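See structure below.
There are 2 protein chains.
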Amino acid sequence: MNFSQFQAFVALAEMGSFTEVANAINLTQSAVSHALTALESELGVTLLERNRKGVVALTNVGQVIIPHVRALLAQVEAIEQEAKAAQGRTMGKLRLGNTFCLSPGLLASVMTCFQQQYPDVELVLFEGTMNEVEEWIASSIIDVGFVPLPATGIDSTLITTDELQVVLAAGHHLHAQRAITLDDLNQENFIMPKNECSFRLMGMTGMEPSRIKASMRYQASDSATILAMVREGLGITLLPRMMLPAKLDGIVALPLDPPQHIEIGLGIKARAMASPVAKLFVQTTLAWAHRQAGLLVPVA
Amino acid sequence: MNFSQFQAFVALAEMGSFTEVANAINLTQSAVSHALTALESELGVTLLERNRKGVVALTNVGQVIIPHVRALLAQVEAIEQEAKAAQGRTMGKLRLGNTFCLSPGLLASVMTCFQQQYPDVELVLFEGTMNEVEEWIASSIIDVGFVPLPATGIDSTLITTDELQVVLAAGHHLHAQRAITLDDLNQENFIMPKNECSFRLMGMTGMEPSRIKASMRYQASDSATILAMVREGLGITLLPRMMLPAKLDGIVALPLDPPQHIEIGLGIKARAMASPVAKLFVQTTLAWAHRQAGLLVPVA
DNA sequence: TATAAGCCATCAATATAATGAATACAAATC
DNA sequence: GATTTGTATTCATTATATTGATGGCTTATA
Chain A
942 MNFSQFQAFV
952 ALAEMGSFTE
962 VANAINLTQS
972 AVSHALTALE
982 SELGVTLLER
992 NRKGVVALTN
1002 VGQVIIPHVR
1012 ALLAQVEAIE
1022 QEAKAAQGRT
1032 MGKLRLGNTF
1042 CLSPGLLASV
1052 MTCFQQQYPD
1062 VELVLFEGTM
1072 NEVEEWIASS
1082 IIDVGFVPLP
1092 ATGIDSTLIT
1102 TDELQVVLAA
1112 GHHLHAQRAI
1122 TLDDLNQENF
1132 IMPKNECSFR
1142 LMGMTGMEPS
1152 RIKASMRYQA
1162 SDSATILAMV
1172 REGLGITLLP
1182 RMMLPAKLDG
1192 IVALPLDPPQ
1202 HIEIGLGIKA
1212 RAMASPVAKL
1222 FVQTTLAWAH
1232 RQAGLLVPVA
Chain B
942 MNFSQFQAFV
952 ALAEMGSFTE
962 VANAINLTQS
972 AVSHALTALE
982 SELGVTLLER
992 NRKGVVALTN
1002 VGQVIIPHVR
1012 ALLAQVEAIE
1022 QEAKAAQGRT
1032 MGKLRLGNTF
1042 CLSPGLLASV
1052 MTCFQQQYPD
1062 VELVLFEGTM
1072 NEVEEWIASS
1082 IIDVGFVPLP
1092 ATGIDSTLIT
1102 TDELQVVLAA
1112 GHHLHAQRAI
1122 TLDDLNQENF
1132 IMPKNECSFR
1142 LMGMTGMEPS
1152 RIKASMRYQA
1162 SDSATILAMV
1172 REGLGITLLP
1182 RMMLPAKLDG
1192 IVALPLDPPQ
1202 HIEIGLGIKA
1212 RAMASPVAKL
1222 FVQTTLAWAH
1232 RQAGLLVPVA
């Protein structure tokens, strides 16, 4: 039982190929094979189902064990980072999760800001749905990630708030209203993102689950596509204000009545046990948010 | 960087002697010395201040790093336990924390019950103040521990509730009252346990901090001593009902007005990442509490 | 079905790291 | 200043991890 064995195990679970993993962690294929065999025989269990072609799947035990292994490796990283930090050097790896539904500009801006301050940190970006990002944090697949609040089972820090907007074509019959009520929405067809954010966003309006399903007319993965469809009058959509372009061309964005606010936070598994770099990222993002407040990000 | 190096580091921090640690983990003194030197040189920092006589103290870096190391080793234990569990074998080590102020009978009873069910689990008991137990859980020094709720920064499970009682001599002028008010208490002198529990318990009555300090007449470390002093009329005390003997000889226990309930929980660092044995302990304790409910433990 | 390519497990050999035994060295104690 | 106690260091040994070569199995392709 040693670190490279654990590292190999996690990498195998992710990549599914011994040869590939071998290249990735600078070992020979033989070494990787040995490593996993040794780990399995020491633990007395099979961790990965495999055939002559590669890794097929995690066994049940493997599934149970892998979060612990990831947590272990995260602590190793934290230890190395603390040691570097004590020498005045801020470096290490940071796995950062983002959700499509959150402002792409927010992420880019924060990342730039962070990288300028800490150029020696290796930022690895993961993208997934809100639920995925939260799960990834809980299972140590990533170190920090943007999540809508409240987040359950992980620590989180409020970064900024946003407001849910109803977006519709400039010529839409509701376009002149000051705000959109639930009754208004119940008459409309929706064009929404392809992931579960849709249900969450639409749920915030107070619409019935059955109505939500029924009124979801189109789903697209890209927000620009969605807005284009809205512009064509194919339906309306719901988006956080930050997701909208600066110039609303052919579309209008209206608040809900009552208005719905979204809290965007930075999630981390356990603040106390986090790596120095992860803590710095939270701090930096928070500072960034404060600088931006009132500028880009209208706080409720 | 390997497990025995980390193990040696933690053991050295706890025991302070290379030779002693060597015996404890079945290595030679030389090996332990090598291990720490190697770890330090790989991390590029000094972890332990030491002289020719032994370990003097943790360095600053050492203090920062050691919680991460403990968390890491806890994950190793969890991995081993999961592997055993997958083979149907429940075994491993469980470090359990208890507080003096909580019923000694509770602990003993739960431990017996647990050991009967899982004889292959090595239970290691740690005793400390409430705050210590909570800190120990947070820094992975122990796996689970009894804590008063609400506990901050750790996961916890409600086990049982208790009621704070005012204990006074049978001949005390308040002995015939049905309940004791804050006004009553403000006239009295107190005999309390020697640890911080005292302040917490007395704080629950609503007394002013200054009044608490002023009225604390004697402090003793043993509850039997405290009760003996109360019996002698040297003062009154506050204790959870469970701490009192079954037969109240020469003393009376009265509720507060308003009554103050104490919630006793089992704390664990992070349920999701806990070892199988730790999870079982929580379950077992909870089941035990349910069986006892209404019998020994009057629930509010 | 033959052939080639890709991939993993195995074996033996080698490199590397962990450990042990002996010893030197420092500090405290008498 | 001798003795005890305990750590660091040196060197030899042992254990472990890693490699390189090989063979077997699978899949793809003709």
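For the protein sequence lines, the chains are A and B, in the order given. Under the numbering used here, the residue at position 59 of the first sequence is numbered 1000, and the numbers go up by one with no gaps. Under the numbering used here, the residue at position 178 of the second sequence is numbered 1119, and the numbers go up by one with no gaps. Note that the Cβ used here is the ideal one computed from N, Cα and C, for glycine as well. From a predicted model like this one, the values you see are computed outputs, not experimental measurements.
- Taking C-beta separations shorter than 6 Å and ignoring five residues to either side along the sequence, Ile1082(A) has no partners in its chain.
- Annotation: the continuous alpha helix (DSSP H) that includes Thr978(B) extends over 970–984.
- Below the 8 Å Cβ cutoff, chain B contributes His1009, Val1010, Ala1012, Leu1013, Gln1016 as neighbours of Gln1016(A), in chain order.
- Ile1205(B) is positioned such that its CB atom lies no closer than 7 Å to that of Leu1105(B).
- Straight across, the Cα-Cα distance linking Gly1176(A) with Ala1111(A) is about 12 Å.
- Taking 7 Å as the threshold, the shortest C-beta distance from Ala1019(A) to chain B falls below it.
- The beta carbon of Glu1023(B) is closer than 8 Å to those of Ser1216, Pro1217 in its chain, skipping five residues each way along the sequence.
- With its beta carbon at least 7 Å from every one in chain B, Met1032(A) lies outside the interface.
- Three or more Cβ pairs closer than 8 Å define a contact, and the region 1006–1016 of chain B meets that threshold against the region 997–1015 of chain A.
- Ranking Glu1068(A), Gln1057(A), Gln1004(A) by CA distance to the CA of Val951(A) puts Gln1004(A) first.
- The Cβ atoms of Ile1132(A) and Val1171(A) sit closer than 7 Å to each other.
- DSSP, reduced to helix, strand and coil, places Phe1041(B) outside both helices and strands of the structure shown, so it counts as coil.
- Chain-order list of chain B residues neighbouring Leu1047(A): empty, with the shortest C-beta distance near 28 Å, by a criterion of under 9 Å.
- Around Glu983(B), the same chain offers Met942 as residues with beta carbons nearer than 6 Å, after the five sequence neighbours per side are excluded.
- Pairing Lys1135(B) with Gln1160(B) gives a Cβ-Cβ distance under 7 Å.
- Between Ala1213(A) and Glu1021(A), the alpha-carbon positions lie close to 16 Å from each other.
- Legend: CB atoms of the region 979–1002 of chain A lying less than 8 Å from CB atoms of chain B belong to residues Leu984, Gly985, Val986, Asn1001, Val1002.
- The shortest CA-to-CA distance from Arg1036(A) to any of Ile1078(A), Ala954(A), Leu989(A), Arg1158(A) is the one to Ile1078(A).
- Here Lys1154(B) is exposed. Its C-beta has fewer than 16 other C-beta atoms within 10 Å.
- In terms of beta-carbon proximity, Val1218(B) stays away from the interface with chain A, with every pair separated by 7 Å or more.
- Residue contact with chain A for Asn967(B): absent (no Cβ-Cβ distance below 7 Å to any residue of chain A).
- For Ile1006(A), the C-beta contacts it makes with chain B under 9 Å involve Ala1019, Ile1020, Glu1023, Ala1024, Ala1027, in order along the chain.
- Rounded to whole angstroms, Gly1046(B) and Thr1226(B) show a C-alpha spacing of 13 Å.
- Between the alpha carbons of Ile966(B) and Ala949(B) lies a distance of about 8 Å.
- Interface flag for Asn943(A) against chain B is set, since a Cβ pair is found closer than 7 Å.
- Between the C-alpha atoms of Ala1019(A) and Leu1099(B) there is a straight-line separation of about 32 Å.
- In this structure, the beta-carbon distance from Thr987(A) to Thr978(A) does not fall below 7 Å.
- When Cβ-Cβ separations below 7 Å define contact, Met1214(B) makes contact with chain A.
- Here Val1074(B) is near Gly1038(B), since their CB atoms are less than 7 Å apart.
- Distances from the alpha-carbon of Phe1222(B) to those of Asp1084(B), Gln1201(B), Asp1124(B), Pro1200(B) put Asp1084(B) closest.
- Along the region 1093–1117 of chain B, the positions whose C-beta sits under 9 Å from a C-beta of chain A are Gly1094, read in chain order.
- Straight through space, the alpha carbons of Ala998(B) and Arg991(B) are spaced by roughly 7 Å.
- Taken in chain order, the complete alpha helix (DSSP H) segments of 4 or more residues contained in the region 1151–1221 of chain A are 1164–1172.
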